[in-house]
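Everything on this sheet refers to the single structure shown next.
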Amino acid sequence: MRAVNLIPADQRGGAGAGAGRSGGAVYAVLGLLGVLAVFALLYGQADRQISSRKSQVASLTAQAQQAQARAAALAPYTSFAAMREQRIQAVDALVNSRFDWAHAFHELGRVLPSTVSLTSLNGTVGSTSGTSTSTSASTTSSSKAGASASVASATPPGSMPTFTLAGCTTGQAAVALTLDRLRLIDGVSEVTLQSSTKSGSTDGSGGGSSAGGASNCPVAFNVQIAFDALPTIPATGSVSRTTTATVSATTSAGASTTGAPR
Amino acid sequence: MTGRDRIVVAALAVLAVLAAVWLLAVAPEREKASKLATEVSAAQAQLTSAESQLASASAAQAKYQTAYASIVSLGKAVPADQEVPSLIYQLAQATGQKNVEFASVTSGGAGGTGASTPAAKASAATGASSPAGASATASAGFTQMPFTFVFNGSFESLSSLFHQLDGFALRTTSGGLQVSGRLLTVQSIKLAPATTSGSGKPTEQLSATITATAYVLPAGQGLTGGATSAGPAGTATQTASTGAAGSANAPAVVQVNP
């Protein structure tokens, strides 16, 4: 037997996805409304965030302006503290760029043999342009010094202190001993004999010849001592310092010093 | 139009409406919120910076008295003007303590013993009457004032004197800066036997010719920059003078500990 569809042909579409009299439009409307609801939720959230953040920005800006105004009112104190720090660094740089003459003299007196007497001593903190070694050292140190302090020291870091000694001793062996002993001085980099002349010799034109006659100056010598280049200034600018100042009422010009012995 | 076609059209219409709503309303609002979040971060950073500045300024205000005392004390090492009499007084005092004769002082680095004035007192008077007498050399920071001094004494006493001169301004073992007098950097020292005036024979006494440099604050830069003990310039009335640093009678000690 052959099956026959008894539903009229124009009413057979109700069995599809969009069944019903609306033809499925209701689902579309519902979906649209649902998504619109989600959008509205997102919009509301964003709107709340906007108003909240606007007030937050206004509050933070006001606080920042208040703080800036108070800081500006105290700016002279900040400037004064900066000036003080700058001064301390500048003085510190100068103090550290000095050669310790007292220590060098103390060392000289310590190492000189008893048979040696000096007729003259000429100590100089030379320029930074010395030997090749000292030149490179001074270049490095000068650039560092320039970075850390704007003060030009009369004895800039990298300068080579040198002593030129003229003296008398008992013989050439004593001169050799003197050279050896002078190398023991703290901070000496080089000891150079310039001349050593026995009195009475024909070519005796050394600087020590004028110190006395043959009786009290058997051998006159000239020696040059080169010290290590002055150290670079340590970068103290980044170090935070706590300062305590004490103004003493004593009249002593001497300070209790440290380091080099008297 | 069949039912299927109607569904497709309806779906497309819904998607179009949704896209329009998203693009025209929701997305701009969210973008605005996002931008405001950035602004909040920037404002917070600005506030943090301002609070940091304020904290720094408040700390500077709290430590003002200490800083003022320090900077005044530093004026003993590097004064605002040449202060030659004070320098000579300090040297005379130091030489007196070390049994060294302060023979002469000459302004300028090129001067030797021959160009020296006969007595320190005369130079002191010159320095007092003519502050510009010393040949000051301007440098990048402080102004340099070269001098040539001549001292007479034994090797030990001269060595001790040099130590004392260094001690006017020195760095302590703890890393602090101690100032009790004028800062001097010695460039050269020449020792030679001092001859007695009568016989001309060499003695144990030596004559030390020292070329040294003192330093002065740059012109126009006062010792305290216009500040007084009451407060820095512009914040308080000027109640105290800044002349304390010029006195050689009251050595100051600045202890700066790291």
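In order, the protein sequence lines correspond to chains G and D.
Per the working numbering, numbering through the first sequence is continuous, rising by one, with the last residue being 269.
Per the working numbering, numbering through the second sequence is continuous, rising by one, with the last residue being 639.
No residue lacks a Cβ here, since even glycine has one placed at the ideal position from N, Cα and C.
* To do: Determine, using beta carbons only, whether residue 455 of chain D and residue 105 of chain G come nearer to each other than 8 Å.
  => Taking the first residue of the second sequence as 1, we reach residue 455 of chain D at position 74. Taking the first residue of the first sequence as 1, we reach residue 105 of chain G at position 98. The answer is no: Cβ separation not under 8 Å.
* To do: Using the Cα positions of residue 516 of chain D and residue 98 of chain G, report the straight-line distance between them to the nearest angstrom.
  => Counted from its first residue, the second sequence places residue 516 of chain D at position 135. Counted from its first residue, the first sequence places residue 98 of chain G at position 91. Any reading at residue 516 of chain D is ruled out, since the residue's pLDDT is 42, under 50, leaving its predicted position unreliable.
* Asked: What are the residues of the stretch 119-134 of chain G that lie near chain D, defined by any Cβ-Cβ distance shorter than 8 Å?
  -> Against chain D - using a Cβ distance shorter than 8 Å - the residues of the stretch 119-134 of chain G are 125, 126, 127, 128, 129, 130, 131, 132.
* Cβ separation of residue 171 of chain G and residue 574 of chain D, assumed to be a contact under 8 Å, to the nearest whole Å -> The sequence position of residue 171 of chain G within the first sequence is 164, counting from 1. The sequence position of residue 574 of chain D within the second sequence is 193, counting from 1. Not really, about 16 Å apart at Cβ, beyond 8 Å.
* **Chain-ordered chain D contacts of residue 206 of chain G [CB-CB under 8 Å]** => Numbered from its first residue, the first sequence carries residue 206 of chain G at position 199. What residue 206 of chain G touches in chain D: nothing, since even the nearest Cβ is about 16 Å away.
* So is residue 17 of chain G in contact with chain D if we call contact Cβ pairs under 8 Å? -> The residue labelled residue 17 of chain G in the question sits at position 10 within the first sequence. Not an interface residue.
* State the Cα-Cα distance for the pair residue 524 of chain D and residue 598 of chain D, rounded to the nearest angstrom. => For the purposes of this step, residue 524 of chain D is taken as residue 143 along the second sequence, with counting starting at 1. For the purposes of this step, residue 598 of chain D is taken as residue 217 along the second sequence, with counting starting at 1. Answer to the nearest angstrom: the Cα atoms are 6 Å apart.
* To do: Give the DSSP bridge partners of residue 167 of chain G, in chain order.
  => Within the first sequence, the letter at position 160 stands for residue 167 of chain G. In DSSP, residue 167 of chain G forms no bridge with anything.
* With 8 Å set as the bound, which would you pick, yes or no: does the beta-carbon of residue 12 of chain G sit closer than that to a beta-carbon of chain D? -> Here residue 12 of chain G refers to the residue found at position 5 of the first sequence. No, no contact with chain D.
* To do: Output, in chain order, the set of chain G residues within a Cβ distance shorter than 7 Å of residue 615 of chain D.
  => Your numbering for residue 615 of chain D matches position 234 in the second sequence. Ordered by position in chain G, the residues that pass the 7 Å Cβ test against residue 615 of chain D are 83.
* Asked: Could you check where the alpha helix (DSSP H) with residue 179 of chain G kicks off and where it finishes?
  -> For this step, residue 179 of chain G is matched to residue 172 along the first sequence. In the DSSP assignment, residue 179 of chain G falls within the unbroken alpha helix (DSSP H) covering 179-189.
* Proximity to residue 592 of chain D [Cα-Cα], best of G:129, G:233, G:190, G:17 -> Locating residue 592 of chain D in the second sequence gives position 211, where the first residue counts as 1. Nearest of G:129, G:233, G:190, G:17 to residue 592 of chain D, Cα basis: G:129.
* **Which of helix, strand or coil DSSP assigns to residue 1 of chain G** => Here chain G comprises residues numbered 8 to 269, so residue 1 of chain G is not present and cannot be evaluated.
* To do: Have a look at G:83, G:231, G:56 and flag the residue whose alpha-carbon is nearest the alpha-carbon of residue 420 of chain D.
  => Along the second sequence, one-based indexing puts residue 420 of chain D at 39. Selected option, being the one with the closest Cα: G:56.
* Candidates G:13, G:232, G:71, G:189: closest to residue 118 of chain G by CA position -> Walking along the first sequence from the start, residue 118 of chain G turns up at place 111. Its Cα nearest to that of residue 118 of chain G, the residue G:189 stands out among G:13, G:232, G:71, G:189.
* Evaluate residue 446 of chain D with the Cβ neighbour count: other Cβ atoms within 10 Å of its Cβ, from every protein chain shown; 16 or more gives buried, anything less gives exposed. => Translated into positions along the second sequence, residue 446 of chain D becomes position 65. Residue 446 of chain D should be labelled exposed.
* Asked: Which chain D residues sit within Cβ distance under 8 Å of residue 90 of chain G?
  -> Reading the first sequence from its first residue, position 83 is the one you call residue 90 of chain G. Within chain D, 452, 606 have C-beta atoms less than 8 Å from the C-beta of residue 90 of chain G, given in sequence order.
* Asked: Can the beta-carbon of residue 181 of chain G be found closer than 8 Å to that of residue 230 of chain G?
  -> Along the first sequence, one-based indexing puts residue 181 of chain G at 174. Along the first sequence, one-based indexing puts residue 230 of chain G at 223. Against a cut-off of 8 Å, the Cβ pair of residue 230 of chain G and residue 181 of chain G comes out as no contact.
* **Beta bridge counterpart(s) of residue 552 of chain D as assigned by DSSP** => In the second sequence, residue 552 of chain D corresponds to position 171, counting from 1. BP columns for residue 552 of chain D point to D:558.
* Asked: Quick one: which chain D residues come within Cβ less than 9 Å of residue 229 of chain G?
  -> One-based indexing of the first sequence puts residue 229 of chain G at position 222. Correct list: empty, because the minimum Cβ distance to chain D is about 14 Å.
* To do: Indicate the three-state DSSP secondary structure (helix, strand or coil) for residue 226 of chain G in the structure shown.
  => To locate residue 226 of chain G, count along the first sequence from 1; it is residue 219. Three-state DSSP puts residue 226 of chain G in a strand.
* To do: Can you grab the Cα-Cα spacing for the pair residue 462 of chain D / residue 88 of chain G, in whole Å?
  => Within the second sequence, residue 462 of chain D is the residue found at index 81, counting from 1. Within the first sequence, residue 88 of chain G is the residue found at index 81, counting from 1. If I take the Cα positions, the gap works out to 22 Å.
* To do: Only counting runs of 4 or more residues, tell me where the alpha helix (DSSP H) segments fall wholly within the stretch 57-136 of chain G, in order along the chain.
  => 82-103, 108-118
* **Residue span of the beta strand (DSSP E) that contains residue 383 of chain D, given as start and end** => As a position in the second sequence, residue 383 of chain D is number 2, starting the count at 1. Where residue 383 of chain D is concerned, there is no enclosing beta strand (DSSP E), given that its DSSP letter is neither H nor E.
* Can you name the start and end residues of the alpha helix (DSSP H) that residue 477 of chain D belongs to? -> Looking up residue 477 of chain D in the second sequence gives position 96. Note, residue 477 of chain D: alpha helix (DSSP H), 465-478.
* Assuming residue 567 of chain D and residue 534 of chain D make a contact with CB atoms under 8 Å, what is their CB distance in whole Å? -> Reading the second sequence from its first residue, position 186 is the one you call residue 567 of chain D. Reading the second sequence from its first residue, position 153 is the one you call residue 534 of chain D. Not a contact, Cβ separation roughly 16 Å.
* To do: Compare the beta carbon distance of residue 67 of chain G and residue 424 of chain D with 8 Å and say whether it is the shorter of the two.
  => Walking along the first sequence from the start, residue 67 of chain G turns up at place 60. Walking along the second sequence from the start, residue 424 of chain D turns up at place 43. A contact, by the Cβ cut-off of 8 Å.
* **Three CB pairs or more closer than 8 Å across the stretch 554-571 of chain D and the stretch 160-179 of chain G** => yes
* Hey, how far is the Cα of residue 69 of chain G from the Cα of residue 80 of chain G? -> Within the first sequence, the letter at position 62 stands for residue 69 of chain G. Within the first sequence, the letter at position 73 stands for residue 80 of chain G. Straight through space, the alpha carbons of residue 80 of chain G and residue 69 of chain G are spaced by roughly 16 Å.
* Rounded to whole angstroms, how far is the Cβ of residue 102 of chain G from the Cβ of residue 177 of chain G, which I believe are closer than 8 Å? -> Residue 102 of chain G sits at position 95 when you count from the first residue of the first sequence. Residue 177 of chain G sits at position 170 when you count from the first residue of the first sequence. Residue 102 of chain G to residue 177 of chain G, Cβ: 42 Å. No contact.
* To do: Please report the Cβ distance between residue 606 of chain D and residue 90 of chain G, rounded to the nearest whole angstrom; I am assuming they are in contact, meaning their Cβ atoms lie under 8 Å.
  => Residue mapping note: residue 606 of chain D aligns to position 225 of the second sequence, counting from 1. Residue mapping note: residue 90 of chain G aligns to position 83 of the first sequence, counting from 1. With a Cβ gap of about 6 Å, residue 606 of chain D and residue 90 of chain G count as contacting.
* Asked: Smallest Cα separation from residue 484 of chain D: which of D:554, D:414, D:531, D:548?
  -> On the second sequence, position 103 is the one that residue 484 of chain D refers to. If we check each option's Cα against that of residue 484 of chain D, D:531 comes out closest.
* Asked: From the beta carbon of residue 462 of chain D, is the nearest beta carbon of chain G less than 8 Å away?
  -> The count along the second sequence starts at 1 and reaches residue 462 of chain D at position 81. Not an interface residue.
* Thinking just about the alpha-carbon of each residue, which of D:587, D:561, D:537, D:556 is nearest to the one in residue 547 of chain D? -> Here residue 547 of chain D refers to the residue found at position 166 when the second sequence is read from its first residue. Minimum Cα distance to residue 547 of chain D is reached at D:561.
* Close Cβ partners of residue 585 of chain D (< 7 Å) along its chain, the five nearest in sequence each way excluded -> For the purposes of this step, residue 585 of chain D is taken as residue 204 along the second sequence, with counting starting at 1. Hits under 7 Å: 535.
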